[in-house]
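A quick write-up on the structure given underneath.
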Amino acid sequence: DKATGAEKDQVLKDINLMWDALGNSSLSSNAELRQFAMSISGSVIFGSNGELRVLSSMASDRSLLTAMMSGGTAKVYVCDNQNKCLSPTLNNVTISADKSLIKMVQDMLTSIENKAITDTPLTEKEKQFINSTSIPILSWIVDQSSLSISQSLFAQLTDYIAVDIYLQYLEAVMKVVNGSLATKDYPGANMKELKSGLADARQALNSLRMEVQIKEDALISAQQQIRFIRQQVSS
Numbered sequence: 004d005k006a007t008g009a010e011k012d013q014v015l016k017d018i019n020l021m022w023d024a025l026g027n028s029s030l031s032s033n034a035e036l037r038q039f040a041m042s043i044s045g046s047v048i049f050g051s052n053g054e055l056r057v058l059s060s061m062a063s064d065r066s067l068l069t070a071m072m073s074g075g076t077a078k079v080y081v082c083d084n085q086n087k088c089l090s091p092t093l094n095n096v097t098i099s100a101d102k103s104l105i106k107m108v109q110d111m112l113t114s115i116e117n118k119a120i121t122d123t124p125l126t127e128k129e130k131q132f133i134n135s136t137s138i139p140i141l142s143w144i145v146d147q148s149s150l151s152i153s154q155s156l157f158a159q160l161t162d163y164i165a166v167d168i169y170l171q172y173l174e175a176v177m178k179v180v181n182g183s184l185a186t187k188d189y190p191g192a193n194m195k196e197l198k199s200g201l202a203d204a205r206q207a208l209n210s211l212r213m214e215v216q217i218k219e220d221a222l223i224s225a226q227q228q229i230r231f232i233r234q235q236v237s238s
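Remember, our numbering sits 3 above the position in the sequence shown when you count from 1.
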């Protein structure tokens, strides 16, 4: 390895970019969810000699997105090993409703809510979860428990939060990929496939975002409801 100094930082080898990025996300401890998420966005794998392999995005397969969100069976990239995932292969995988993204969000919200009520410190995983969404979860929970707002508010927003978390993750991963690839001159065909895969993933998520737009309206009306109750309490 003759790379030195700044060049060394640019040498990518033995890494699956998406798998690696997911290792630092809310999904890190759930291998099934990680595989589903990587299959939707696609990935780029660099071998031991820096050779490039592109895993095409499977975002156009709606059953994949549905299974990741709420459980089901779909064809996904399955890792050869959970550590680096350098040689994944396509296989049918079933994700149970208990391991789905929506269930993970429900469990996290319940745990955070119970801790807010009992004034118990949050775990690192719970803090990471709060930071992985653009929705102000903690202030919501505090408001909800202090103002005795019905828990059904969160129940109807669970899938909105789940989609939001995945969109945030995808945006972050796209930045990583674009940044990693901007400094290198890779074969045109590989780059074309990768870029079109990322575009497919973004398009699929945007259409999903449109579907949860109704949930966003519920979110806005819930925020107004909380604001109104707070004013009533303080006046």
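The beta carbon of each residue, even a glycine, is placed where N, CA and C say it ideally should be.
For A119 and I144, the rounded distance between their alpha carbons: Sequence index remark: in the sequence shown, residue 144 carries index 141 (1-based). Sequence index remark: in the sequence shown, residue 119 carries index 116 (1-based). Whole-angstrom Cα-Cα distance: 7 Å.
Backbone CA spacing between F231 and Y80 [nearest angstrom]: For the purposes of this step, residue 231 is taken as the residue at position 228 of the sequence shown. For the purposes of this step, residue 80 is taken as the residue at position 77 of the sequence shown. In this structure, the alpha-carbon of F231 lies about 48 Å from that of Y80.
Could you check if K244 is buried or exposed, using at least 16 other CB atoms within 10 Å of its CB as the buried criterion? One cannot answer for residue 244 here, as it falls past the ends of the chain, which runs 4 to 238.
Looking at the structure shown, is G8 part of a helix, part of a strand, or coil, going by DSSP? Position 5 of the sequence shown holds residue 8. With a pLDDT of 43 at G8, under the threshold of 50, the modelled position of this residue cannot be trusted; read the value that follows with caution. Judged by DSSP in its simplified three-state form, G8 adopts helix.
Using CA atoms only, rank isn't needed, just tell me which of Q226, M111, N86 is closest to T161. Counting from 1 along the sequence shown, the entry for residue 161 is found at position 158. Restricting attention to Q226, M111, N86, the CA atom closest to the CA of T161 is found in M111.
Measuring from the CB of S73, is there a heavy atom of the ligand ATP at a distance below 7 Å? The model on display carries no ligand, and the ligand ATP is accordingly not part of it.
Cβ-based burial, D220 [other Cβ within 10 Å; buried from 16]: Locating residue 220 in the sequence shown gives position 217, counting from the first residue. Around the Cβ of D220, a 10 Å sphere holds fewer than 16 other Cβ atoms; the residue is exposed.
By a C-beta neighbour count over all protein chains shown, 10 Å radius and 16 as the cutoff for buried, is N86 buried or exposed? If you number the sequence shown from 1, residue 86 lands on position 83. Around the C-beta of N86, fewer than 16 other C-beta atoms lie within 10 Å, and the residue is accordingly described as exposed.
Whole angstroms are fine: how far does the CA of S237 sit from the CA of Q206? Working through the sequence shown from its first residue, we reach residue 206 at position 203. Working through the sequence shown from its first residue, we reach residue 237 at position 234. Cα-Cα distance, rounded: 44 Å.
Do you know how far the Cα of Y169 is from the Cα of G50? Indexing the sequence shown from 1 puts residue 50 at position 47. Indexing the sequence shown from 1 puts residue 169 at position 166. Near 27 Å, if we compare the C-alpha coordinates of Y169 and G50.
Do the stretch 49 to 65 and the stretch 196 to 210 meet, that is, are 3 or more Cβ pairs less than 8 Å apart? Yes: the two stretches touch, three or more of their Cβ pairs being nearer than 8 Å.
Exposure label - N19; buried when at least 16 CB within 10 Å: Taking the first residue of the sequence shown as position 1, residue 19 is located at position 16. Around the C-beta of N19, 16 or more other C-beta atoms lie within 10 Å, and the residue is accordingly described as buried.
Assuming N95 and K78 are in contact, meaning their beta carbons sit under 8 Å apart, how far apart are those beta carbons, in whole angstroms? Within the sequence shown, residue 95 is the residue found at index 92, counting from 1. Within the sequence shown, residue 78 is the residue found at index 75, counting from 1. The Cβ separation is near 6 Å, so the contact holds.
Counting only the same chain and skipping the five closest in sequence on each side, list residues whose C-beta sits under 6 Å from that of Q109. Position 106 of the sequence shown, counted from the first residue, corresponds to residue 109. So the qualifying residues of the chain are T161.
How would you call D167, buried or exposed, if buried means at least 16 neighbouring beta carbons within 10 angstroms? Start at 1 with the first residue of the sequence shown, and residue 167 comes out as number 164. D167 should be labelled buried.
Please tell me whether S135 and S28 are closer than 8 Å, where the distance is taken between their beta carbons. Here residue 135 corresponds to residue number 132 of the sequence shown, with the count starting at 1. Here residue 28 corresponds to residue number 25 of the sequence shown, with the count starting at 1. Judged by beta-carbon spacing, S28 lies within the 8 Å limit of S135, meaning their Cβ atoms are closer than that value.
Can you give the Cα-Cα distance for R37 and R56, rounded to whole angstroms? Residue 37 sits at position 34 when you count from the first residue of the sequence shown. Residue 56 sits at position 53 when you count from the first residue of the sequence shown. One C-alpha to the other measures close to 19 Å.
Indicate whether S32 and A204 have their beta-carbon atoms separated by less than 8 Å. By one-based count along the sequence shown, residue 32 stands at place 29. By one-based count along the sequence shown, residue 204 stands at place 201. With contacts defined by Cβ atoms closer than 8 Å, S32 and A204 do not form a contacting pair.
Is it the case that the Cβ atoms of A175 and M72 are separated by a distance below 8 Å? As a position in the sequence shown, residue 175 is number 172, starting the count at 1. As a position in the sequence shown, residue 72 is number 69, starting the count at 1. Cβ atoms of A175 and M72: not closer than 8 Å.
Residues in the same chain with beta-carbon distance under 6 Å from I140, minus the five sequence neighbours each way, listed in chain order, please. Looking up residue 140 in the sequence shown gives position 137. Once the five neighbours on either side are set aside, the close Cβ partners of I140 are I133.
Below 7 Å CB to CB, which residues in the same chain sit around Q131 once its five sequence neighbours on both sides are set aside? Within the sequence shown, numbered from 1, the residue matching residue 131 stands at position 128. The residues are S29.
When you compare each of T113, M213, L58 to C82 by their alpha carbons, which one comes out closest? On the sequence shown, position 79 is the one that residue 82 refers to. For the residues T113, M213, L58, the minimum Cα distance to C82 belongs to L58.
Can you give me the C-alpha to C-alpha distance between K195 and S137, rounded to a whole angstrom? If you number the sequence shown from 1, residue 195 lands on position 192. If you number the sequence shown from 1, residue 137 lands on position 134. Cα to Cα, the separation comes out at about 31 Å.
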